[in-house]
Amino acid sequence: MYKISEIVQVFHPNRTFITDPNSFVQHLFYDSRKIVQADNGIFFALQKNRDGHHYLKEAYAKGVRNFVLQVDEQQEIELSGANIVWVEDSLVAMQALVAFHRQKFDYPIIGITGSNGKTIVKEWLFQLMSPEYKIYRSPKSYNSQLGVALSLWGLSDEYNLAIIEAGISEKGEMTRLEQMIKPTIGVLTNIGVAHKTGFESKAEKIDEKLQLFTHVETIIFPYSYLENVQLPYRPRKFSWGLEEGLSLEVYSIKQINDRFTLITFYYAGRTFAVEVPFVDKGNVENAINCVAVMLRFGYEGAVIAARIKNLQPVAMRLELKKGKNNSSIIDDSYSNDLDALQIALEFLNQQGQNPFKMLILSDISGVSIDDVKSLAKLKRLLSEYHLDQLILIGEVLPKVASQFDVPSISYVDTTAFLADMRSVSFENATVLLKGGREFHFERISRQLVSKSHDTVLEINLNALENNLNVYRQLLPKHVKLMTMVKAFSYGSGSFEIANLLQFNRVDYLTVAFADEGVDLRGAGITLPIVVMSPDESSFESIVQYNLEPEIYSFRILFSFLNFLKGKEVISFPIHVKIDTGMHRLGFMPDEVDQLITFLNKASILKVKSAFSHLASAGNEKDNEFTQRQIDLLNECTRRLQDGIGYSFLRHIAATSGIELWPNAYFDMVRLGIGLYGVDIEGHDLPIREASILKTNVTQIKYLAASETVGYNRHGVLHRDSKIATIKIGYADGYDRRFGNGVGQMMVNGVLVPTIGDICMDMCMLDVTDVEVGEEDEVIVYPDIKSSAKAIGTIPYELLTSISQRVKRVYFYE
Ligand SMILES: *Cc1c(COP(=O)(O)O)cnc(C)c1O
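For the sequence shown, the UniProt record's numbering gives the first residue as 1, with consecutive numbering after it.
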């Protein structure tokens, strides 16, 4: 903990407003959703995608009383009683503070960089060296400018070794990271071949990465990457590879079966061998890097071999799965230490749809009943994250259950819990499963997760947030943003997406039918919600749930007015749709005058917006037509406004309009497909597909030429072939037209065609030329635009056709 007065010295602030110089700072915040223990925190208003200055009130309301703002923000200050520091750049200030903090520790810090494998090597070193060292490690894959700062802030004298990842995307970044981390030992992981944007060449990229090692005493690296690279400084080099004369010579790498790889080494005059429980090249390389680090730390070959053999796969991220009884399940049973628990609790805390929060927790490795310090930390964590219910499983934690401020139930082991599971209600709860490997929490997960079908639609909430910001940046400040969550958010699921949009302050949500809006209200969404196709039977819900109907014809206008008669509503918000050429729903321009007459008599209604829809904004050949639509909306809304005597929002542009028609922004735009990561052909906006449909291989067959595959014997083999049956069929929304080679999927990085007809729940792929095993992952639409094209449709249809039985899995990276 530092006093604010001490911290201010580090920032070189432009201006300060300190009311309480003795205020202590222990937590760094930058995202108001993630604030816990606010009283000892400091909020940095970063100007990244979201502007942190817009969340000051939330942070203040949560109890934060220390703020770092950027000077160029000229907002009035409603942060009474708070300490405020104005700096040039909030992120730079945070980094300076972290560098100051890092200097307090003189235990070794391993800095890891590379293009791939950073997180795995970090997590594995943690697994491998934990018996001897108290290791602090970067959370998750926190390796960016912000991520590294947050990582380093966790250093404390509880530890005697730290492992920190560093990642970069452009030139100049590594120097900033190096200045914060000041690693004492450097590890270079896989460099990769992909030429990343942000760098002129691979050499430039390597050069930039090497900046991390400017002050290390030893650098550990695969020789092949730096063979021709001149290191501009002289750290001890610990190189490894197949060549002779390296610090660690790799004699041989041999796959022994489908799970293990045997590697023999020559080191310091001796040979030894390890069995790595992986067979893929990347993980073998990662494992050798770990061996090298352990040798550098003086471990014996025999100890290394014993531990490497038990390496566990690393869960790269947390997932939110749909549970039974409207619950959500976060399954995180890969490792269970206090740092990992904190990350998982933070993730739990961030999920908004089910306010009832439950944790199922096993004993934590290394924490015994007399480990007072760790138990105190656990107690603090449990109360910070406001859990509603705790289930403790094991020999240790149940004995101290009464110390925790959360209602708890205890069981001696997982079997005992499973036997009693029916007595526990998971309804409407978000449940975090956090258990050590030996507790086999996957057995609990199987019981709680709702559908057993293995095809999943993974929705990357970070990608979604990114896309939202990309489109936002195209818009002038005054233009409002309506986002489309119709059709189950283009197949991606409702609350989770709406929740994220609400946090990101979009102005409106739009659904197709009132029921969708009712569900969102039930899930705690308070944003205005427009219903695009209301009908008489939905008016009751519209009024009761405060939804806003689109009024597109006299019939719907009259029946709504009729419905409102005698009800105690005033100025009920409506949205008037005008048909400027799409010829779907809407008042024709020549009906506007009559509409004005009726609206003037209907003071019970209030026009919130008037809008239209572009029929062909993405087609250049129709540019004239599009312009005419824009002009027509302009003209009609002017008449409407004059006629009813007050103003309202006007809007016409959807995704393609946002990209191509800046003159069509009016007062608001309606973002749909772009949010989910699909933009106009040929446009290179930095958006990412937010949902990825994945399935896996059920069975592999080796078949002779001339055999046939599937119904009607349509899949004729022209050569001896390897065929994979996978778990997706037309009942999941995989169109039958993808059969017989029309569809292509991605298996282990290779595109492969379907073979034979698509079945209801399965289909077959020709994987003759690919290394693939049963249960391997398959990406169904490696490129959704070309998949759509292959069957003559559009990405919209593919996304919204993914059936409800396909599990939606949400994650933040
Ligand atoms: C679906 C829809 C949108 C969004 O369109 P995208 O092309 O997905 O951005 C906008 N406005 C209306 C009226 C819609 O029906």
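Glycine included, every Cβ here is placed at the ideal spot set by N, Cα and C.
Backbone CA spacing between residue i and residue j [nearest angstrom]
i, j, result
"Ser383", "Ser130", "27 Å"
"Phe625", "Ser494", "34 Å"
"Gln9", "Gln350", "33 Å"
"Val303", "Gln26", "38 Å"
"Asp306", "Phe272", "Looking at the sequence provided, one finds Ala at residue 306 rather than Asp. Answer to the nearest angstrom: the Cα atoms are 12 Å apart."
"Tyr107", "Ala162", "8 Å"
"Arg50", "His651", "24 Å"
"Ile112", "Gly52", "29 Å"
"Gly301", "Leu226", "26 Å"
"Ile784", "Leu751", "13 Å"
"Val592", "Met668", "21 Å"
"Gln544", "Leu125", "56 Å"
"Phe554", "Leu671", "27 Å"
"Val506", "Leu246", "57 Å"
beta-carbon residue i near ligand 1 non-hydrogen atom, thresh 8 Å
i, result
"Ile673", "yes"
"Lys722", "no"
"Lys486", "yes"
"Arg628", "no"
"Arg650", "no"
"Met532", "yes"
"Ala654", "yes"
"His718", "no"
"Thr510", "yes"
"Arg521", "no"
"Tyr490", "yes"
"Arg670", "yes"
"His683", "no"
"His714", "no"
"Tyr796", "yes"
"His583", "no"
"His575", "no"
Proximal residues to residue i (C-beta, below 6 Å), its chain only, five neighbours per side dropped
i, result
"Gly198", "Ser169, Glu170"
"Val576", "Ile551, Val607, Ala610"
"Gly715", "Thr708, Val709, Ile755, Gly756"
"Gly643", "Ile596"
"Asp579", "Gly586, Met588"
Residue range of the unbroken alpha helix (DSSP H) whose run includes residue i
i, result
"Met129", "118-129"
"Lys785", "784-790"
"Met174", "173-181"
"Asn289", "281-296"
"Phe100", "90-102"
First through last residue of the beta strand (DSSP E) which encompasses residue i
i, result
"Asn623", "It is not in any beta strand (DSSP E) - Asn623 instead sits in the alpha helix (DSSP H) that spans 623-644."
"Met484", "480-484"
"Glu208", "Here Glu208 belongs to no beta strand (DSSP E); instead the alpha helix (DSSP H) covers 202-210."
"Trp86", "83-87"
"Phe611", "605-611"
"residue 856", "One cannot answer for residue 856 here, as it falls past the ends of the chain, which runs 1 to 813."
"Phe29", "27-29"
Spatially closest choice to residue i from the options, by CA coordinates
i, options, result
"Met760", "Ala690, Ile726, Leu585", "Ile726"
"Ile219", "Asn623, Val806, Ser201, Pro183", "Pro183"
"Leu397", "Glu797, Lys57, Lys379", "Lys379"
"Phe221", "Leu338, Ala203, Ile191, Tyr55", "Ile191"
"Val697", "Ser656, Arg736, Ala487, Glu775", "Glu775"
"Leu685", "Thr695, Gly674, Lys694, Ser612", "Gly674"
"Gly517", "Val449, Pro534, Arg505, Val506", "Pro534"
"Val406", "Ser138, Val424, His386", "His386"
"Val511", "Leu188, Arg505, Ile253, Val530", "Val530"
"Ile308", "Tyr334, Gly298, Pro277", "Pro277"
"Asp370", "Asn286, Glu346, Glu395, Gln389", "Glu395"
"Lys134", "Leu155, Leu146, Ser151, Ser144", "Leu155"
"residue 814", "Ser80, Ile263, His440", "The requested residue 814 is not part of the displayed model; the chain covers only 1 to 813."
"Arg259", "Ala498, Asn289, Val284", "Val284"
"Arg234", "Glu244, Val216, Asp679", "Val216"
"Met482", "Arg808, Ile360, Ala653, Gly114", "Ala653"
Chain D within 9 Å of residue i, Cβ atoms only
i, result
"Leu799", "The structure shown contains no chain D; it is built from a single protein chain."
Cβ shell of residue i (< 7 Å), same chain only, five flanking positions each side left out
i, result
"Asn336", "Ser362, Ile364, Ser365, Lys434, Gly435, Gly436"
"Thr695", "Asp454, Thr455, Ile726, Lys727, Ile728, Val778, Val780"
Cutoff 8 Å; reference residue i; Cβ partners in own chain excluding five residues on either side
i, result
"Val87", "Phe11, His12, Pro13, Asn14, Val68, Leu69, Gln70, Val71, Ala93"
"residue 814", "The structure shown has nothing for residue 814, since the chain only spans 1 to 813."
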